[in-house]
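>
2 protein chains.
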Amino acid sequence: MNLKTLAQELGLSPTTVSRALNGYPEVSEATRARVLAAARAANYRPNTQAKRLATGRAMAIGHIIPISTRHEIVNPVFADFIAGAGEVYARAGYDMVMTIVPDDQEARAYAELRSKGNVDGVLVHAPKVEDHRVTLLDHLGLPFVLHGRVSGIENSYSWVDVNNVRAFERATNFLLDLGHRRIALINGISDMDFARRRRRGYEQALRARGIAPDPALIVESAMTEAQGHDAARAMLTLAEPPTAFLTASLLSAMGARRGIEEAGLKMGRDISIVTHDDELGYLKNGTTEEPIFTATRSSVREAGRRCAALLLEQIESGDRTPRHELMEAVLVVGQSTGPAPQS
Amino acid sequence: MNLKTLAQELGLSPTTVSRALNGYPEVSEATRARVLAAARAANYRPNTQAKRLATGRAMAIGHIIPISTRHEIVNPVFADFIAGAGEVYARAGYDMVMTIVPDDQEARAYAELRSKGNVDGVLVHAPKVEDHRVTLLDHLGLPFVLHGRVSGIENSYSWVDVNNVRAFERATNFLLDLGHRRIALINGISDMDFARRRRRGYEQALRARGIAPDPALIVESAMTEAQGHDAARAMLTLAEPPTAFLTASLLSAMGARRGIEEAGLKMGRDISIVTHDDELGYLKNGTTEEPIFTATRSSVREAGRRCAALLLEQIESGDRTPRHELMEAVLVVGQSTGPAPQS
DNA sequence: CGATCATCCCAAAGCGCTTTGGATGCAACG
DNA sequence: CGTTGCATCCAAAGCGCTTTGGGATGATCG
């Protein structure tokens, strides 16, 4: 069923039917009603490709997911972020098109997306400290929004981010207030912009109290359960072991807890943990009311929603002036923290 | 830059240029070379929408992700599966379009995808025991492949699945051989077809040794860390506690381990765990050589690849006769299992 | 040398929609 | 009564590509 035959059946021109369906005023309400009824009856839906070609709008947003051939890790945060963004797209009638690409071909993938014209804009994931994608996209003239920011770049661009500096500053202060002085940071990969910011927040808080950050108490690598475990195990054997851990993900925190317990210590009493919690669907930090870990909490799903909303707004308004949204993490207190043990 | 102007610049007709680019034989190799060179120089890429409209092929595969409003959990396996499938799509020049939809509107979403014509086929995730999607898609005439199977349905369809029955039968036998008799199953949600099959494998193995499955030793719910923990804690307080746990995911296994250790027991000595391991990128079971948990291992990413390959093959060949692929899980021995303790 | 046949190229139609630029009819107006 | 203005509708062009159905051109053959 297409426009032409639907129009014929109604004894109308395609023009009129198209206008009736798309809510243009040049058609009487009587015929509009007739058209709508017929369209529904015939289960008519305009062909996407034809519409796209005619309007020049792809009605789709691109997400490019680079797959590293080295540490082939799929970002665990990814699924939830996508879910949030996808909700918004679906409501607005946009498709979400995902491209999986070896990370050395990422630039080409963006360029292709642009020149083949199959998206109206892109959402950029997991920016690194110096991320070339921003300049590339600027140059391509493809509307985009970053989930996160890029420290080492001058360009201005639209982004949605958590206030990572502040979150980790607060978390560190929280531990300092409990009397902890040897606080370890189990962070994400140091290339990542968010990891850089978290570290800055952590170090700022320490320095503000006159404590020099100790490199032996900082680990920066992929945020897995094993990472947390191994880092905790290793650090607990130091001559001056930490009394608290600050971890960048719930998985790392779980690993750290395991390491702590293997060392015969008790979390929340002997050793404290504060973690960042992205509120992933499949990885809950206890319940909202009774969290297991003390955490800086910020929903990555909500971030997905906001990124998507921001991008759609830019595309539909045509307004390219960069806009930002800074989300604050909530510090929730769980059972993983307590006063520093008297040594 | 479009076909027409490119053709003009070359002094050729659009027809010839199109044919040259698409490898048709009706064009001399000399002009083909000229055309290719010019196209590359102009960075020309045919407009996707126009191509799609002209050919009637969307060159895209749909994935519909239902979001339950109740337990809004995003399948943790999802990201890795997508990554696998996406690799194959990208190589074949297909887009992957993802639709996030409230689960009560899933059927409508498939119908729309079909009538709007923006995909050539769909990949169906996480089938339930009685899943209406198979009949729906059959009826819509939209090519599809299931990741998993549907027990309660007669239709034949294409699928790729792990031999869940066999995997859990083997895992159970492995524990039985170690002398365990009280073996608990911490399974996925019972509606899920894969969970049903795993339970069947588990019960078959028990019955084959004359052991009646004990409902008190079976939990079926969302596979989270908390699930594993809570189930293990609860079961260990039974009058006749289990000596081994069989879990359906690494997260559950991690939770169970925590529960075990909280009860002052040692995994691998006092209590054994065998888990299923989907080989998720961000959730490794130790290393390939030295797994932490004894596990039935099967890569969900590889499953994604095979699903995608199967679907593309069906679409491109036009052959709609259902095809299957059954993957066998490997049983790897880690440090989480040992002989049943003498009571 | 004319007929036949590849080879190489092109004009034009068509994919299904939107949108521009009228046409038509009718009420209102001076 | 002629004109204006409005409300409705339509024909046709166009989006950028593919593909059908030829049309030249030159080589081959009897």
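Just so you know, the sequences run in chain order A and B. At position 84 of the first sequence (counting the first as 1) the number is 84 in the UniProt record's numbering, and the numbers step up by one without a gap. At position 208 of the second sequence (counting the first as 1) the number is 208 in the UniProt record's numbering, and the numbers step up by one without a gap. Using N, Cα and C, we set each Cβ at its ideal position, and we do this for glycine too.
(1) Is the Cβ of Asp95(A) closer than 8 Å to any Cβ of chain B?
(2) Fully enclosed by the segment 143–197 of chain A, which alpha helix (DSSP H) runs are 4 residues long or longer?
(3) Figure out for me which residue from Lys266(B), Glu169(B), Arg52(B) has the closest Cα to the Cα of Ala58(A).
(4) By Cβ distance below 6 Å, which residues in the same chain neighbour Asp95(B) in space, the five residues on each side in sequence not counted?
(5) Could you give the C-beta distance for Leu123(A) and Ala184(A), rounded to a whole number, given that I count them as a contact under 8 Å?
(6) Who are the near neighbours of Arg133(B) in its chain, counting only those whose CB is closer than 6 Å to its CB and skipping five residues on each side?
(7) Helix, strand or coil for Lys266(A), going by three-state DSSP, please let me know.
(8) Could you give the C-beta distance for Met192(A) and Glu225(A), rounded to a whole number, given that I count them as a contact under 8 Å?
(9) Quick check: is the beta carbon of Phe144(B) nearer than 8 Å to any beta carbon in chain A?
(10) Counting only beta-carbon separations shorter than 8 Å, does Pro76(A) have a partner in chain B?
(11) With a cut-off of 8 Å, do at least 3 Cβ pairs link the segment 163–171 of chain B to the segment 284–293 of chain B?
(12) Go ahead and pull the three-state DSSP assignment for Gly84(B).
(13) Leaving aside the five residues before and after Ala38(A) along the sequence, list all residues of the same chain whose C-beta is less than 6 Å from its C-beta, in chain order.
(14) Looking at chain B, is there any beta carbon in it that lies within less than 8 Å of the beta carbon of Ile82(A)?
(15) For Arg196(B), which residues of its own chain have a beta-carbon under 8 Å away from its beta-carbon, when the five flanking residues on both sides are left out?
(16) Only counting the same chain, and skipping five residues up and downstream in sequence, which positions put a Cβ closer than 7 Å to that of Arg306(A)?
(17) Using a Cβ-Cβ cutoff of 7 Å, what residues of the segment 252–264 of chain B are near chain A? List them in chain order.
(18) What do you get for Asn47(A), buried or exposed, if any count of 16 or more other CB atoms within 10 angstroms of its CB means buried?
(19) Put Lys284(A) into one of helix, strand or coil per three-state DSSP.
(20) Measuring CA to CA, which of Ala41(A), Leu12(A), Asp277(A) is closest to Val27(A)?
(21) Who are the Cβ neighbours of Leu236(B) in its own chain at under 6 Å, not counting the five residues just before and after it?
(22) With Pro242(A) and Leu217(A) assumed to form a contact (beta carbons below 8 Å), what rounded beta-carbon distance in angstroms separates them?
(23) List the residues of chain A whose Cβ lies closer than 8 Å to the Cβ of Val101(B), in chain order.
(24) Which residues in chain B have a C-beta closer than 8 Å to the C-beta of Gln49(A)? List them in chain order.
(25) Where does Thr78(B) fall in DSSP's three states?
(26) Within the same chain, show all residues whose beta-carbon is closer than 6 Å to that of Gly62(A), passing over the 5 residues directly before and after it, in chain order.
(27) Ala329(B) to Glu169(B), Cα distance in whole Å?
(28) Any C-beta of chain A sitting closer than 8 Å to the C-beta of Ala309(B)?
(29) Who pairs with His132(A) in a beta bridge, going by DSSP?
(30) What is the residue span of the beta strand (DSSP E) that Asp95(B) lies within?
(31) Leu146(A) and Tyr110(A): beta carbons closer than 8 Å?
(32) Tell me whether the beta-carbon of His341(A) lies closer than 8 Å to the beta-carbon of Asp270(A).
(33) Less than 8 Å separating the beta-carbons of Val333(A) and Arg297(A)?
(34) Does the CB of Met267(B) have a neighbour CB from chain A at under 8 Å?
(35) Ignore the nearest five residues each way along the sequence and tell me which others in Glu106(A)'s own chain have a CB closer than 7 Å to its CB.
In short, the structure shows the following:
(1) As a position in the first sequence, residue 95(A) is number 95, starting the count at 1. With 8 Å as the cut-off, Asp95(A) counts as an interface residue toward chain B.
(2) 164–177
(3) Reading the first sequence from its first residue, position 58 is the one you call residue 58(A). Cα-wise, what sits closest to Ala58(A) is Arg52(B).
(4) The residue labelled residue 95(B) in the question sits at position 95 within the second sequence. These residues qualify, in order along the chain: Ala60.
(5) Mapped onto the first sequence, residue 123(A) falls at position 123. Mapped onto the first sequence, residue 184(A) falls at position 184. Incorrect: roughly 33 Å between the Cβ atoms, too far for contact.
(6) Start at 1 with the first residue of the second sequence, and residue 133(B) comes out as number 133. Around Arg133(B): Val124.
(7) Position 266 of the first sequence, counting from 1, holds the residue named residue 266(A). Three-state result, Lys266(A): coil.
(8) Position 192 of the first sequence, counting from 1, holds the residue named residue 192(A). Position 225 of the first sequence, counting from 1, holds the residue named residue 225(A). Not confirmed; about 18 Å, so no contact.
(9) In the second sequence, the residue the question calls residue 144(B) occupies position 144. Chain A contact via Cβ: absent.
(10) If you number the first sequence from 1, residue 76(A) lands on position 76. Chain B, which has a Cβ nearer than 8 Å to the Cβ of Pro76(A), makes this yes.
(11) Fewer than three beta-carbon pairs drawn from the segment 163–171 of chain B and the segment 284–293 of chain B are found closer than 8 Å, and the two stretches are therefore not classed as touching.
(12) For the purposes of this step, residue 84(B) is identified with residue 84 of the second sequence, where counting begins at 1. Residue state, collapsed to three classes: helix.
(13) As a position in the first sequence, residue 38(A) is number 38, starting the count at 1. Non-local C-beta neighbours of Ala38(A) in its own chain, meaning closer than 6 Å and more than five positions away in sequence, comprise Leu10, ordered along the chain.
(14) For the purposes of this step, residue 82(A) is taken as residue 82 along the first sequence, with counting starting at 1. Taking Cβ atoms only, chain B reaches closer than 8 Å to Ile82(A), which makes this a yes.
(15) The residue labelled residue 196(B) in the question sits at position 196 within the second sequence. The answer, listed in chain order, is Val129, Ser151, Ser190.
(16) Here residue 306(A) refers to the residue found at position 306 when the first sequence is read from its first residue. Contacts found: Val160, Glu325.
(17) Met254, Glu261
(18) Here residue 47(A) corresponds to residue number 47 of the first sequence, with the count starting at 1. So Asn47(A) ends up on the buried side.
(19) Residue 284(A) sits at position 284 when you count from the first residue of the first sequence. In the structure shown, Lys284(A) sits in coil (DSSP, three-state: anything other than H, G, I, E or B).
(20) The residue labelled residue 27(A) in the question sits at position 27 within the first sequence. The residue with the shortest Cα to Cα distance from Val27(A) is Leu12(A).
(21) As a working mapping, residue 236(B) is identified with position 236 in the second sequence. Answer for Leu236(B): Ala263, listed in chain order.
(22) In the first sequence, counting from the first residue as 1, residue 242(A) sits at position 242. In the first sequence, counting from the first residue as 1, residue 217(A) sits at position 217. The pair is a contact, with the Cβ atoms about 6 Å apart (cut-off 8 Å).
(23) In the second sequence, the residue the question calls residue 101(B) occupies position 101. Ala90, listed in chain order.
(24) Within the first sequence, numbered from 1, the residue matching residue 49(A) stands at position 49. At a C-beta separation below 8 Å, Gln49(A) has these neighbours in chain B: Gln49, Arg52, Leu53, Ala58, Gly117, Asn118.
(25) The count along the second sequence starts at 1 and reaches residue 78(B) at position 78. One detail in the question is off: residue 78(B) reads as Phe in this sequence, not Thr. Reduced to three states, the DSSP call for Phe78(B) is helix.
(26) As a working note, residue 62(A) is residue 62 in the first sequence. Contacts found: Val97, Leu113, Val119, Val122.
(27) For this step, residue 329(B) is matched to residue 329 along the second sequence. For this step, residue 169(B) is matched to residue 169 along the second sequence. Near 11 Å, if we compare the C-alpha coordinates of Glu169(B) and Ala329(B).
(28) Position 309 of the second sequence holds residue 309(B). Output row for Ala309(B): interface = no.
(29) Along the first sequence, one-based indexing puts residue 132(A) at 132. Bridge partners of His132(A) according to DSSP: none are assigned.
(30) Here residue 95(B) is taken as the residue at index 95 of the second sequence, counted from 1. It spans 95–102 - the beta strand (DSSP E) in which Asp95(B) sits, taken as one unbroken run.
(31) By one-based count along the first sequence, residue 146(A) stands at place 146. By one-based count along the first sequence, residue 110(A) stands at place 110. Going by C-beta atoms, Leu146(A) is not nearer than 8 Å to Tyr110(A).
(32) Locating residue 341(A) in the first sequence gives position 341, where the first residue counts as 1. Locating residue 270(A) in the first sequence gives position 270, where the first residue counts as 1. It should be pointed out that residue 341(A) corresponds to Pro in this sequence rather than to His. Yes, the pair counts as a contact, with Cβ atoms nearer than the cut-off.
(33) By one-based count along the first sequence, residue 333(A) stands at place 333. By one-based count along the first sequence, residue 297(A) stands at place 297. The answer is no: Cβ separation not under 8 Å.
(34) For the purposes of this step, residue 267(B) is taken as residue 267 along the second sequence, with counting starting at 1. Against chain A, the CB of Met267(B) has no partner CB under 8 Å away; the residue lies outside that interface.
(35) As a working note, residue 106(A) is residue 106 in the first sequence. Its chain contains Ile64, Pro66 as the residues whose beta carbon lies nearer than 7 Å to that of Glu106(A), once the 5 sequence neighbours on both sides are disregarded; these appear in chain order.
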